[in-house]
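The next block holds one structure in the form of C-alpha cells; read it before the comments.
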Ligand code: ATP
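Residue numbers (UniProt numbering): 85 to 327.
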C-alpha cells in the first residue's frame, strides 16, 4: 500500500523493523512502537524501552549520495529533535556529541543511525530515536541520569501531537540535509552543545583524552582543546563524558 506510518504495540526494535522492510519503503516511512523488547544503543548497549513510557520511532531514508556523505547525520537529527521539543515547550534541550539529547544534565533521548551501503553508492539509512515521555521512576536498569518530557513540562504529554511534530521536523530536516549537507546545521548544533567550553573526557577504547569541549568542525568532528591545542576527533568508537 501507500502507508507511510506503522504503529506497533510491541516489537524487538523499531530500527530492526525498518531494516527488515527497507527495500520496499518510501523515504520518510516511520515505524512507531509502544514498547521494544530489544531496544538498542551504540556498541550493543541497550535502550530501556518499557511499555507506553516513551516514543520509539524509526524513519527510513534512501540516499543517492553514498555513505561518506552521511557523516554528521546523527548531529543533524539531534538538531531536529531539539527543534521539535522547542515547538512543544521544551526550550532547554541540548545535544551531546554524537547522538544524545540532554535536559538539565540528564538524558532525555538517544539517536541511533544505522547505514547500509557502499562508498559512493546509494545507501539505506535508518534513523532511530528513543525519547522518554513518562518513564516510571521505578526503572532501575539505566546506569546514568535520565529524565522524561512529563517531568520537564510537569504535565501530561500528547504523544500523537508530539509524534506528528517530530516526524514533520525530521522530513524537513532530511530534505535540507540531502540538498545542503551538514553545513546549515552546524550553528544550531553549536548553540545547543551541552559541552561547549566545558571540561570533557574523550574515551577511545583504552585511551582517555582530557580537555575543553570546543564544539564541532565543518565535517562534524568533535573539537577538544588540550595542552597541545585544538584537535578534531571523529569516529564511532568515541564516547564523551564530563571531565
Ligand atoms: P555514548 O556517549 O558513547 O553514546 P551512551 O552511554 O550515551 O554513550 P548510547 O548508546 O548513546 O550510549 O545509549 C545507551 C545508554 O543510554 C545505555 O547504556 C544507558 O546508559 C542509557 N539509556 C538506556 N535507556 C535509556 C533511556 N530510556 N533513557 C535514558 N537513557 C537510557
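For each residue, glycine too, the CB sits at the ideal point set by N, CA and C.
query                                                                                                                                                            : result
Using the Cβ count rule (16 or more neighbours within 10 Å means buried), how would you classify residue 135?                                                    : exposed
Report buried or exposed for residue 326, applying the criterion of at least 16 other Cβ atoms within 10 angstroms of its Cβ.                                    : exposed
Three-state secondary structure (DSSP) at residue 97?                                                                                                            : coil
Helix, strand or coil: which one does DSSP assign to residue 181?                                                                                                : coil
From the DSSP output, which residues share a beta bridge with residue 195?                                                                                       : 213
Give the single residue among 301, 307, 267 and 276 whose Cα lies nearest to the Cα of residue 284.                                                              : 307
Alpha carbon to alpha carbon, how far is residue 265 from residue 148?                                                                                           : 13 Å
I want to check one thing, is the minimum distance from the CB of residue 318 to the heavy atoms of the ligand ATP below 6 Å?                                    : no
Using C-beta distances below 8 Å, list every residue in its chain close to residue 328, excluding the 5 sequence neighbours before and after it, in chain order. : The question about residue 328 has no answer, for the chain in this structure spans 85 to 327.
What does a CB cutoff of less than 6 Å around residue 236 pick up in its chain, not counting 5 residues either side in sequence?                                 : 174 and 187
Going by the DSSP bridge assignment, what does residue 297 pair with across the sheet?                                                                           : 308
Measuring CB to CB, does residue 198 end up less than 7 Å from residue 99?                                                                                       : yes
Have a look at residue 125 and residue 312 and give me their C-alpha separation to the nearest angstrom.                                                         : 33 Å
How is the beta strand (DSSP E) around residue 243 delimited, first residue to last?                                                                             : Note, residue 243: premise wrong, no beta strand (DSSP E); alpha helix (DSSP H) at 243-264.
With hydrogens ignored, establish whether the beta-carbon of residue 132 is closer than 6 Å to any heavy atom of the ligand ATP.                                 : yes
In the DSSP output, what is residue 277 paired with across the bridge?                                                                                           : 179
Give a yes or no on contact between the segment 235-254 and the segment 178-186, applying the rule of three or more CB pairs nearer than 8 Å.                    : no
In whole angstroms, what is the alpha-carbon distance linking residue 226 and residue 255?                                                                       : 30 Å
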